[in-house]
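Structure first, then comments.
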Ligand code: HEC
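Residue numbers (mature numbering (1 follows the signal peptide of the UniProt record, and there is no 0)): -33 to -1, 1 to 107.
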């Protein structure tokens, strides 16, 4: 009798509710993938992986240099940011390809850079961030 009273129906209902949530999770990413890069997803990717250290506002340097108009900007070129020697001497202009590769593996693009601690992002995530950076850089 006592054990009966302690048995609540929720252990049976929970797995069903869980399956519903899982279905939603499984469907959401595939509907996003059909669009080129959704603005919100792009901004979210930047917020998740970069915003702790970077702003996209001109003049707003944080731990990292601001990324205003970074697509088409020369690497290590802001006068008011204290870059590592490697970044200062990188000698190239950031384009979409360089930015994507830098986000995935910073050291392969500018070895000795001081963008740390930075764990890297997937190529997918990097593509979203580039879309965001380009959108806020204005027309090229
Ligand atoms: C932990 C802080 C941190 C995070 C997170 C971070 N960065 Fe950085 N970033 C830096 C620092 C510090 C530098 C300066 C590196 C140097 O001088 O070697 C930098 C430099 C850069 C530069 C070179 C800018 C220039 O003026 O040449 C780019 C581009 C960049 N980061 C993009 C990103 C992107 C995109 C993300 C997110 C995917 C990101 N960073 C995440 C700290 C960070």
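Backbone N, C-alpha and C fix where the C-beta goes; we use that ideal spot for every residue, glycine too.
Note that the structure is predicted; figures quoted are calculated from it, not measured.
| Query | Result |
| --- | --- |
| Straight-line Cα distance separating residue 12 from residue -10 | Reliability fails at residue -10, whose pLDDT of 49 lies under 50, so the model's placement of it is uncertain and the value that follows must be treated cautiously. If I take the Cα positions, the gap works out to 20 Å. |
| Residue nearest to residue 33 in terms of C-alpha spacing, selected from 45, 79, 39 | 45 |
| Inter-residue CB distance, residue 39 and residue 60 (contact presumed, cutoff 8 Å) | 6 Å |
| Range of the contiguous alpha helix (DSSP H) that encloses residue 55 | 52 to 55 |
| Residue 92, buried or exposed, once every other Cβ within 10 Å from all chains shown has been counted against 16 | buried |
| Of the residues 73, 81, 66, the one placed nearest residue 50, counting alpha carbons only | 81 |
| Per-residue DSSP class, three states only, for residue 96 | helix |
| Buried versus exposed call for residue 16 [16 or more other C-beta atoms within 10 Å across all chains shown] | buried |
| Coil, strand or helix - residue 76 by DSSP | helix |
| Cβ-heavy atom distance, residue 59 to the ligand GTP, below 7 Å | This structure lacks the ligand GTP; the ligands present are the ligand HEC. |
| With 16 other Cβ atoms within 10 Å as the buried cut-off, status of residue 109 | This structure does not reach residue 109, given that the chain is present from -33 up to 107, and the question cannot be answered. |
| Residue 56 versus residue 47: straight-line alpha-carbon distance, rounded | 16 Å |
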